[in-house]
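Contents: one structure, followed by commentary.
The structure is reproduced here in structure tokens:
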């Protein structure tokens with residue numbers, strides 16, 4: 047497995063050097079919303095990332111800190127309204143990638159129980175959706191957030 051911190055995957059996505067499915071969907075002061083960079087079993091799984099290289103939520107500057115809650119809530123509402131998610135999980139773990147990022151993972155009525163909550167991170171390759179499916183969900187979210 048390659049080291050996602052050398053070079054930093056978060057910085058590469060923010061700068062446009064890496065294009066996850068869906069690419070960059072929206073921006074807010076200090077923050078970038080993009081599709082999840084890893085394979086995903088869930089359509090509409092997105093990540094809010096600091097536009098600066100900081101380790102954790104506690105290192106965000108005042109502007110990004112002030113924007114994080116309202117921006118995350120807006121994205122989560124769009125995941126529910128546009129994609130039909132019943133609920134949206136928010137995870138800021140930071141044990142692997144040491145660049146602040148907040149996973150916003152929708153849960154649908156038909157999401158299998160083993161993929162609910164933290165289980166979404168443990169999907170096996172056969173459960174991963176195609177890049178085209180992930181791109182389509184990301185485009186729908188981006189369009190909703192642009193309104």
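Residue numbers (the working numbering): 47 to 193. Where is the CB? At the ideal position from N, CA and C, for every residue including glycine.
Check, Outcome
"Residue 148 beta carbon less than 7 Å from that of residue 50", "no"
"Boundaries of the alpha helix (DSSP H) in which residue 191 is found, first to last residue", "177-192"
"For residue 95 and residue 146, believed in contact at Cβ under 8 Å, the rounded distance", "7 Å"
"Residue-level contact to chain C via CB, residue 103, 7 Å cutoff", "Reference to chain C is not applicable here, since this structure consists of a single protein chain."
"Length-filtered (3 minimum) beta strand (DSSP E) runs lying within the stretch 98-185", "133-137, 147-153"
"Proximity below 7 Å, CB of residue 153 to CB of residue 162", "yes"
"Straight-line Cα distance separating residue 75 from residue 173", "35 Å"
"DSSP bridge partner residues for residue 57 (one or two, in chain order)", "Paired residue(s): none; residue 57 is not in a bridge."
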